[in-house]
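In full-length UniProt numbering, the protein residues as written are 1 to 470.
All C-beta atoms, glycine included, are put in the ideal place defined by N, C-alpha and C.
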Amino acid sequence: MTQPNPLQARFDPLYQASRQHTDVPWPLRQQRLQQLARMVREHRHAIADAIHADFGNRSRHETDLLEVFPTLAGIRHALKHGKQWMRPRKVATDWWFWPARNRILPQPLGVVGIIAPWNYPLFLTTGPLIAALVAGNRALVKTSEHAPAFGQWLAHTVPQYFADNELAIIEGDADVAAAFSALPFDHLLFTGSTAVGRLVMRAAAANLTPVTLELGGKSPTLILDDADLDQAVARVMSGKLVNAGQTCIAPDYVLLPPALQAAFIEKARAWVAQHYPNLAANRDYSHIINPTQLARLQGYLQQAAAAGAEIVPLVPDATNQNAGNSTLLPPHIVCNTPAHSPLMQEEIFGPLLPLVPYQQLDEALEYIRARPRPLALYVFGKAQAQIDHVLRNTVSGGVSVNDTLFHVAQENLPFGGVGASGMGAYHGRTGFDTFSHLKPIFTQAKRNGMGLLAPPYGKTFAAILKILLR
């Protein structure tokens, strides 16, 4: 007897319901968003416990601040504006078609697939899910096998709040993710590495499924010569060390004038001592997700050192800090790293921060432009003309000026990558549009002049055509 396909069994109720109910009124969308908010509020501590278990240690304060809060803020934004977003949009009609009129009718696409990562398992599930629900869609979510405790919690909890034809959860390994990507979704959103993103896009292409890819890469920080160095160091280290650097938009490396390098290191060491005292026992300093990722990062340090880089630990006795805590990795700054080093070629995704000195600003900009376009760019400085020069002469998914990370928390700004760092965007109205079909509608007036353009063509037609072609 053929065993039922669990993926298909989860997908089919969603697909059938989406085809039966193409008109999804605002009260139903509102109810689904409210249910999502209620689920997160009622299980806030269980969420923190699950993520903590997956990481070995994940600061519960960071889970509240970086996952629960932006989830609830995103829902509030969608509830406030969603009814307006879904209204038909009037658009201009060229005069030669008057008195006809044009409009755009946003409609749900149907079933949205979401492949979530392990680093922010709640927010990077709920962020796209909010956009899918406010646009009137149903969703199937694949959780990360590297965050099994969270995945189990989500799979157990969602059925208590949503019908199986509204939202369903799939757990599983890379093979399940590959099969998931091959389902005939109406839209598929993937968050993860560029390498896996290519595989997801290839699988989705068989069904002509449109994809949004939220990838990563090496997001540079550029410190200008007039920057407030105390502020820059504080914001760079905060953005780098939250979640122990396991953030897709974490500052990956710092470009700075050579004269500022020594001061940057000393200020960074002082900042870490102030904010993460007694690092080995500090519950606010998150661990690396698993031994495999820890070994990768330690390998980056060893390879950089072997190639002649200077490794600068930011806490005393850094080599012994993870005794009894197998996935704790103290923060390090790395100087003079050869360009061919994996530390400078691969996304770091950990608490290691290379410093790259530059002599002239245009040299720094050329350094950024010579590499794949990053998901984020951070620039610190005071002169607006210089900052504008940087913004005009670089391309990145998003930018924070004189800060890090916070552009991702703005519901009125789209979030997404460009080139190797991704395609497509979501958050706020951009997310609503991403997961909607913006149906163009042309309505002809009862009395119109279209008959004048029909054959047999004569003098009247020629006169009209002369006007149209001028």
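Where does G398 fall in DSSP's three states?
In the three-state scheme derived from DSSP, where H, G and I count as helix and E and B as strand, G398 is classed as strand.
Exercise. Do the region 457-469 and the region 107-123 touch if we need at least three Cβ pairs shorter than 8 Å?
Worked result: The region 457-469 is not in contact with the region 107-123.
Practice problem: Please state whether DSSP places I249 in a helix, a strand or coil. | Solution: In this structure, I249 counts as coil in the three-state DSSP scheme.
Using 8 Å for Cβ pairs, my map puts H187 next to F435. What's the rounded Cβ distance? Confirmed, about 6 Å.
Next on the checklist: With H, G and I counted as helix, E and B as strand and the rest as coil, what does DSSP make of A263?
Outcome noted: In the three-state reduction of the DSSP assignment, A263 falls in the helix class.
Quick check on Y426: does DSSP put it in helix, strand or coil? The answer is strand: DSSP assigns Y426 an E or B state.
- Task: Find out if the Cβ-Cβ distance for the pair L79, Q30 is shorter than 8 Å.
- Result: Yes, Cβ-Cβ distance for L79 and Q30 is below 8 Å.
### Task
Would you mind working out which of I368, F349, L183, I348 sits nearest P357, comparing C-alpha positions?
Of the candidates I368, F349, L183, I348, the one whose C-alpha sits nearest the C-alpha of P357 is I368.
Quick one: what does DSSP say F190 is sitting in, helix, strand or coil? Looking at F190 - three-state DSSP - the assignment turns out to be strand.
Alpha carbon to alpha carbon, what distance is there between L294 and D175? When the Cα atoms are used, D175 and L294 turn out to be separated by approximately 24 Å.
Open item on the list: Less than 8 Å between the C-beta atoms of E166 and G151, yes or no?
Closed with: Against a cut-off of 8 Å, the Cβ pair of G151 and E166 comes out as no contact.
Exercise. Could you name the residues of the same chain whose beta carbon sits closer than 8 Å to that of K382, not counting the 5 residues immediately before and after it, in chain order?
Key: Closer than 8 Å at Cβ, skipping near neighbours: L224, D226, A227, D228.
So for P455, helix, strand or coil by DSSP? Looking at P455 - three-state DSSP - the assignment turns out to be coil, as it is neither helix nor strand.
Could you have a look at K90 and say whether DSSP puts it in helix, strand or coil? Assignment of K90 by DSSP, reduced to helix, strand and coil, places it in the strand class.
Original post:
Which residues bound the alpha helix (DSSP H) around P13?
Top reply: Residues 6-20.
request  = State the DSSP-derived secondary structure class of P128, mapped to helix, strand or coil.
outcome  = Three-state result, P128: helix.
Proximity of P372 and G431 at Cβ, strictly below 8 Å = No. Outside cutoff.
* Asked: Roughly how many angstroms separate the alpha carbons of L413 and Q345, rounded to a whole number?
  -> L413 and Q345 have their C-alpha atoms roughly 29 Å apart.
**OP:** Kindly indicate the opening and closing residues of the beta strand (DSSP E) around H437.
**Re:** First-last of the beta strand (DSSP E) with H437: 436-443.
**Asked** Can we say the region 37-50 touches the region 136-154, given the rule of at least three CB pairs closer than 8 Å?
**Response** Yes, since at least three Cβ pairs between the region 37-50 and the region 136-154 fall closer than 8 Å, the two stretches touch.
Q. Between which two residues does the beta strand (DSSP E) containing L405 stretch?
A. Boundaries cannot be given for L405, as no beta strand (DSSP E) includes it and DSSP labels it neither H nor E.
### Message
Please state whether the Cβ-Cβ distance between L361 and S219 is less than 8 Å.
### Response
No, they are not a contact pair.
Does the beta-carbon distance from residue 488 to L352 come in below 8 Å? Nothing about residue 488 can be reported from this structure: the residues present for the chain run from 1 to 470 only.
Straight-line Cα distance separating H389 from L329: Taking the straight line from one Cα to the other gives about 37 Å.
Task: Close-in-space but distant-in-sequence residues of the same chain around F185 (CB under 6 Å, 5 per side omitted) - done: V111, G113, T209.
query: Is Q35 closer than 8 Å to F162 when the C-beta atoms are compared?
result: In terms of Cβ geometry, F162 and Q35 form a close pair [threshold 8 Å].
ask   = What are the residues that DSSP puts in a beta bridge with N102?
value = In the DSSP secondary-structure assignment, N102 is bridged to V91, F442.
Quiz item: Nearest to Q386 by alpha carbon, out of K459, L215, L222?
Solution: Cα-wise, what sits closest to Q386 is L222.
Exercise for the section: Compute the beta-carbon to beta-carbon distance between K240 and P257, rounded to the nearest angstrom, for a pair I have assumed lies under 8 Å. Expected result: That belief does not hold up - the Cβ atoms of K240 and P257 are roughly 19 Å apart, past 8 Å.
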